[in-house]
Amino acid sequence: MYLTLLTIHSWLRWVLLAVLLFALVRSLMGWLSKTPYTKIDNLAGVLSIAFAHTQLVLGLVLYFVSDSGYPAIAKFGMGVMKDSNLRKWSVEHITMMVVAIVLVQVGRSLSKKQATDEGKHKRMATFLIIALALIALGIPAERLGLFRF
Ligand code: HEM
Numbered sequence: 005m006y007l008t009l010l011t012i013h014s015w016l017r018w019v020l021l022a023v024l025l026f027a028l029v030r031s032l033m034g035w036l037s038k039t040p041y042t043k044i045d046n047l048a049g050v051l052s053i054a055f056a057h058t059q060l061v062l063g064l065v066l067y068f069v070s071d072s073g074y075p076a077i078a079k080f081g082m083g084v085m086k087d088s089n090l091r092k093w094s095v096e097h098i099t100m101m102v103v104a105i106v107l108v109q110v111g112r113s114l115s116k117k118q119a120t121d122e123g124k125h126k127r128m129a130t131f132l133i134i135a136l137a138l139i140a141l142g143i144p145a146e147r148l149g150l151f152r153f
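In my numbering, each residue carries its 1-based index in the sequence shown increased by 4.
Okay, here's the thing in structure tokens:
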């Protein structure tokens, strides 16, 4: 179960990354070239939320079945902060990813509330840039380019 979840979570990162980058390119182009907010931009937003939330749910389940997740905190308590590998997964990864996913959600919600198309693109682009930076920082370097089979 652990390995299956980890493999799905690992692969889904590439799908999420592709969707978020697509949404970012669309919103940046729309913002800078002042093009209209179209159905494709809306779809990019919907897909960003859908995949981000799926990754969140998978991550949460993984967090409770991985020895490096909550079980590590249950076993070692604050001791996890002294072990960089345990800290990475039980504290840092979850925190940065949850914040990143919240930012994608907030960006989408604020974007929808904007009266102008330029405003919609701008909100989405701004929040996606910060969320993508956090996602890049939240995956430990040794697993960044990994393709798990
Ligand atoms: C933007 C969302 C996320 C991305 C892109 C992401 C990405 C990743 C990647 C690339 C790995 C390493 C997979 C591998 O070794 O092949 C991983 C592992 C893991 N992630 Fe996430 N993650 C995200 C969100 C979350 C969230 C929200 C949680 C917890 C609530 C979480 C919990 C975990 C756990 C527990 C592991 C396994 C560590 C281990 O046992 O080695 N992830 N994640």
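Glycine is no exception: its CB is placed at the ideal position from the N, C-alpha and C atoms.
- Between R112 and Q118, the C-beta gap is not smaller than 8 Å, which leaves the two residues out of contact.
- Taking C-beta atoms under 8 Å as the contact rule, S88 and A76 fail to qualify, at a distance of about 12 Å.
- Closest in C-alpha terms to T120, from the list W35, L150, R17 and F26, comes W35.
- Exposed is the label assigned to A78, since fewer than 16 other Cβ atoms lie within 10 Å of its Cβ.
- A check of alpha carbon separations from E122 across S31, I12 and L7 identifies S31 as the nearest.
- Listed in chain order, the alpha helix (DSSP H) elements of length 4 or more contained wholly in the segment 6-94 are 6-37, 43-69, 74-80 and 88-91.
- Put simply, the backbone Cα of F153 is about 22 Å away from that of H97.
- Assigned with DSSP and collapsed to three states, A104 falls in helix.
- Contact check for V108 against L132 passes: the beta carbons are separated by less than 8 Å.
- Taking 7 Å as the cut-off, the C-beta of R152 counts as close to a heavy atom of ligand 1.
- Between M100 and G142, the C-beta gap is smaller than 8 Å, which places the two residues in contact.
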